[in-house]
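Take a look at the structure below.
What follows is the structure in structure tokens.
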């Protein structure tokens with residue numbers, strides 16, 4: 004009986020540790036855009052900004068893209 008109890012406790016601790024690590028990774032994950040924004044703001048803005056508006060031949064102005 005002691006061996007089974009020891010194995011179940013070990014399995015519980017291992018599963019809890021894996022779940023805690025996965026939860027920590029999910030809570031600390033940041034989107035790629037935020038990782039760039041934490042650095043130099045001007046450089047990150049220039050890297051993520053589109054170089055030109057893809058205006059259609061009918062002359063419709065491009066909508067502002069926020070994100």
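In the working numbering, the protein residues as written are 4 to 70. The beta carbon of each residue, even a glycine, is placed where N, CA and C say it ideally should be. Values in this document were obtained by computation on a predicted structure and should not be read as measured data.
Using three-state DSSP, classify residue i as helix, strand or coil.
i: residue 89; result: With the chain running from 4 to 70 in the structure shown, residue 89 is simply not present.
i: residue 10; result: helix
i: residue 28; result: helix
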